[in-house]
Amino acid sequence: MYDSENSKELADAVKDIQDILNKIKSKIDAEDIKDNMSNQLVIIKKMSKLGFIIPTNVDLSMQSKLFTCANEKEWEKLFIKFFLNNNQKELLRINREFNSYIELESFKIPYNEAYFNFTNEKYFSSCLILTSLLEGLIRNYLNIPTKDNNISGYLNGDLNKKYEEKYTILFQDKTGMSKFIENYYLSVDANKINDQNYFNRNVLMHGLEFQRFKEIDAIKLFNVIDILNNLLLARNYEVK
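Residue numbers (numbering that gives the first Met the number 0): 0 to 239.
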């Protein structure tokens, strides 16, 4: 009798759970999900072109705020608050994360020099080192020949291959990184540098601009390098 009662209770519980799941399933609209992801991708591409990629450690509240920002200034305020609040808690976290990678031993000295310059408000110097470091990391990960400048093509090809079956999980990071690199490596006319296009690899590495680089630019680069390492070392993602 005891076993019979237990079996009935278990069967009833399973039925209740199945009923709930069926009700939830009936409310899921695949087209709504697709539309929502498409809308998010539009925002992600816009953000990334300006240098803002969604950080790896954001919660749902922060992510929601990023998707509802009206302009670049609002994204800038959110990023500064996220990375520098509580005595630079989040910036220190990604610093520790970088220094924990055994695979990145040869990159740690320049990375820590960039962080030292940042904390001493030498933002141009920090950005210069981080830009060089970013390219060095990409070339190292993908074995890109030194004479080959198609950084964006190599990186996008590798990310597409590595995460071919992970679109719904990683579309933010992968798309954000791809669009950032494409824009960051664009050619910029030396005579037409302005407040909209100064944040650029060629502007920095060819010495075309020295005055405009500021705190937020270094924060963007620290964040990009953190996301790059997560994607290509795959420490926090399951890859087939």
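Think of the CB as a built atom: it goes at the ideal place given N, C-alpha and C, for glycine as much as any other residue.
If you ignore the 5 residues before and after residue 53, its C-beta comes within less than 8 Å of the C-beta of 43, 46, 62, 65, 171, 172, 175, all in its own chain and listed in chain order. The beta carbon of residue 97 sits closer than 6 Å to the beta carbons of 110 from its chain, once the five residues preceding and following it are set aside; these are given in chain order. Contact between the region 192-210 and the region 111-122 is absent, with fewer than three C-beta pairs closer than 8 Å.
Check the Cα spacing between residue 136 and each of 117, 104, 71, 77: the tightest is with 104. The straight-line gap separating the alpha-carbon atoms of residue 186 and residue 94 is approximately 30 Å. Counting other Cβ atoms within 10 Å of its Cβ, residue 178 reaches 16 or more and is therefore classed as buried.
For residue 88, the enclosing alpha helix (DSSP H) starts and ends at 71-99.
Cβ neighbours of residue 180 within its own chain (closer than 7 Å, five residues either side excluded): 150, 151, 154. Within 10 angstroms of the beta-carbon of residue 191 lie fewer than 16 other beta-carbons, which makes it exposed. Annotated three-state conformation of residue 158 is helix, per DSSP. Judged by DSSP secondary structure, residue 113 falls within the alpha helix (DSSP H) whose first and last residues are 107-118. The Cβ-Cβ distance between residue 226 and residue 55 falls below 8 Å.
Pairing residue 90 with residue 58, the inter-Cα distance amounts to about 16 Å.
Per DSSP, residue 217 is one residue of the alpha helix (DSSP H) stretching across 214-232.
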